[in-house]
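Undergrad:
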Amino acid sequence: MYERYAALFALRNDGGNKAITAIIDSLGSKSALLKHEVAYVLGQLQDKAVSAALSNILRDVNEHPMVRHEAAEALGSIADDQSVALLEEFTADPEALVSQSCQVALSMLEAERSGKSFEFLFMRNPTVVVRFRPISANSIFKTQNNVIPTYKTSSQLVASQIRWLSKATPTEEDKISIGPASGRQFEEGDKETGIFYYGPISSTIKKVKLMSLSSCCLSVSLSPVITFMTSPDSNVILKGAVASSVILFSASLTAILHWFVSPYIHKLRWQPGSDSFEMEMLSWLATHIPKTIKFSDIRPADTNRPYVTFKANGNFYFVDSEHCHNKALLARLTPQKETHDSGFKNL
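Straight run, no breaks: the sequence shown in full-length UniProt numbering ends on number 347.
1. Going by DSSP, which residues form a beta bridge with residue 269?
2. Decide if residue 332 is buried, meaning its Cβ has at least 16 other Cβ atoms within 10 Å, or exposed.
3. Should residue 29 go down as buried or exposed, given a rule of 16 or more other Cβ atoms within 10 Å for buried?
4. Scan the region 300 to 327 and note each continuous beta strand (DSSP E) run of 3 residues or more that stays entirely inside, going in chain order.
5. Taking three-plus beta-carbon pairs below 8 Å as touching, is the region 93 to 102 in contact with the region 65 to 72?
6. Taking just the CA atoms, how far does residue 34 sit from residue 208?
7. With 16 as the cutoff for other CB atoms within 10 Å, does residue 204 come out buried or exposed?
8. Since residue 280 contacts residue 266 with CB under 8 Å, what's their CB separation in whole angstroms?
9. Under the assumption that residue 40 contacts residue 10 (Cβ atoms under 8 Å), give the Cβ distance between them as a whole number of angstroms.
10. According to DSSP, is residue 287 helix, strand or coil?
11. Along the chain, where does the alpha helix (DSSP H) that runs through residue 74 open and close?
12. When you compare the CB positions of residue 306 and residue 335, do they come within less than 7 Å of one another, or not?
13. Per DSSP, which residues does residue 30 bridge with? Please list them.
14. Grab me the residues of residue 88's own chain with a C-beta within less than 8 Å of its C-beta, minus the 5 sequence neighbours each way, in chain order.
15. With distances taken Cα to Cα, identify the nearest neighbour of residue 55 among 31, 86 and 229.
16. Buried or exposed for residue 230, please, with buried defined as at least 16 other CB atoms from any protein chain shown within 10 angstroms of its CB.
17. How should residue 8 be labelled, buried or exposed, when 16 other C-beta atoms within 10 angstroms of its C-beta is the threshold for buried?
18. Can you tell me where the alpha helix (DSSP H) holding residue 248 begins and where it ends?
19. Helix, strand or coil for residue 230 per DSSP?
20. Where does residue 298 fall in DSSP's three states?
21. Which partner residues does residue 40 have in the DSSP bridge list?
22. Go ahead and pull the three-state DSSP assignment for residue 334.
23. Taking residue 25 as part of the alpha helix (DSSP H), name the residues at either end of that continuous run.
24. Where does residue 205 fall in DSSP's three states?
25. Could you check if residue 326 is buried or exposed, using at least 16 other CB atoms within 10 Å of its CB as the buried criterion?
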């Protein structure tokens, strides 16, 4: 089982046509658990063949509901016109788990396109309702004591995927989350459609950087004056050395801070299906610099430098994965190094 999953994610990291075909072929497995994870992986790939395979799963009423549920979520991540239309069609599916998954996927897509956090909008105060029903003995998704939890939010939106709800608490709005704080007005460019990522500590980094620049400027301008005005009988060379040391120390701290936070992406905009994305970085003067990067230029960050997610065009960049909620976007921003594990035959 371990080798099968290692092969599955290695094929995802490869991303080539043969790799995608191999992943799709594994949907022929008799294991519903494996097909569930295959659907999850397919949702991270932007490919027409992937969309077709996931659509077939969602349409297959004889497929296990959990596999169809994951296919619906994956189609929501791909978010092309055909996927959205299919999700809207199956919001009335007789299987509650499938219809609710389609509703959640569409609501999450709408929230991401508006630049707001899905959890902030729909999962502030989730409640848990426990109900009992018979479960067949061969069900691979059976829980202990045959208890099946269902989840509701205050907006009556049922979220069937546990990992989404585990992030939502009654104090969600008190935590750092993707996007601007409640009540903040969006910039003019943010009104366009697309998926947005906001660095959760962007404002803090900018303030610290401005403070560091201010202290550096004060050190450069005032340290020579203060040094030469005090102790008039001291050696001029000694005074110059002290003033130079203060200036060098302050400039070094400012340079180290800039080096440390320079990979931080403060805002990112991506239109699903596009082969590039726009982002904003911070210059050494704490001004915003717009950049456009193609996904084909992204490489794994082979470095020991802290807070680095990927490398592109010779520069390092950092994305806070915990606050980037679109799985397809995150998968393309976090390429994995190639592995030499040979488990492909087990698929």
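Every residue, glycine too, gets a C-beta built ideally from N, C-alpha and C.
TA: Judging by the given coordinates:
1. Locating residue 269 in the sequence shown gives position 269, where the first residue counts as 1. In DSSP, residue 269 forms a bridge with 196 and 278.
2. Locating residue 332 in the sequence shown gives position 332, counting from the first residue. By the Cβ neighbour-count rule, residue 332 is buried, with 16 or more other Cβ atoms within 10 Å of its own.
3. Within the sequence shown, residue 29 is the residue found at index 29, counting from 1. Exposed, since its Cβ has fewer than 16 Cβ neighbours within 10 Å.
4. Those beta strand (DSSP E) runs which fall completely within the region 300 to 327 and span 3+ residues are 310 to 312 and 315 to 317.
5. In short, these stretches touch, since the Cβ pair count reaches three.
6. Taking the first residue of the sequence shown as position 1, residue 208 is located at position 208. Taking the first residue of the sequence shown as position 1, residue 34 is located at position 34. Residue 208 and residue 34: Cα-Cα distance of roughly 47 Å.
7. For the purposes of this step, residue 204 is taken as the residue at position 204 of the sequence shown. Around the beta carbon of residue 204, a 10 Å sphere encloses fewer than 16 other beta carbons of the protein chains shown; the residue is thus reported as exposed.
8. Mapped onto the sequence shown, residue 280 falls at position 280. Mapped onto the sequence shown, residue 266 falls at position 266. 5 Å between Cβ atoms; contact.
9. Indexing the sequence shown from 1 puts residue 40 at position 40. Indexing the sequence shown from 1 puts residue 10 at position 10. With 8 Å as the limit, residue 40 and residue 10 do not qualify as a contact, their Cβ atoms being about 15 Å apart.
10. For this step, residue 287 is matched to residue 287 along the sequence shown. Under the three-state reduction of DSSP output, residue 287 falls in the coil class, being neither helix nor strand.
11. Your numbering for residue 74 matches position 74 in the sequence shown. Its alpha helix (DSSP H) spans residues 65 to 78.
12. Taking the first residue of the sequence shown as 1, we reach residue 306 at position 306. Taking the first residue of the sequence shown as 1, we reach residue 335 at position 335. Going by C-beta atoms, residue 306 is not nearer than 7 Å to residue 335.
13. Within the sequence shown, residue 30 is the residue found at index 30, counting from 1. DSSP, once it has assigned bridges, lists no residue as partnering residue 30.
14. Here residue 88 refers to the residue found at position 88 of the sequence shown. For residue 88, same chain residues with a beta-carbon under 8 Å away, outside a window of 5 residues either side, are 102 and 106 in chain order.
15. Translated into positions along the sequence shown, residue 55 becomes position 55. Residue nearest to residue 55 within the set 31, 86 and 229 is 86 (criterion: CA-CA distance).
16. As a position in the sequence shown, residue 230 is number 230, starting the count at 1. So residue 230 counts as exposed.
17. Position 8 of the sequence shown holds residue 8. That one is buried.
18. Counting from 1 along the sequence shown, the entry for residue 248 is found at position 248. Residue 248 -> alpha helix (DSSP H) spans 236 to 261.
19. Counting from one through the sequence shown, the residue named residue 230 turns up at place 230. When DSSP states are grouped into helix, strand and coil, residue 230 belongs to the coil group.
20. Indexing the sequence shown from 1 puts residue 298 at position 298. Reduced to three states, the DSSP call for residue 298 is strand.
21. Within the sequence shown, residue 40 is the residue found at index 40, counting from 1. Its beta-bridge partners do not exist; DSSP assigns none.
22. The residue labelled residue 334 in the question sits at position 334 within the sequence shown. In this structure, residue 334 counts as coil in the three-state DSSP scheme.
23. Looking up residue 25 in the sequence shown gives position 25. Counting along the chain, the alpha helix (DSSP H) containing residue 25 begins and ends at 17 to 25.
24. As a working mapping, residue 205 is identified with position 205 in the sequence shown. Helix.
25. Taking the sequence shown and counting its residues from 1, one reaches residue 326 at position 326. Classification of residue 326: buried, given that the 10 Å Cβ count is 16 or more.
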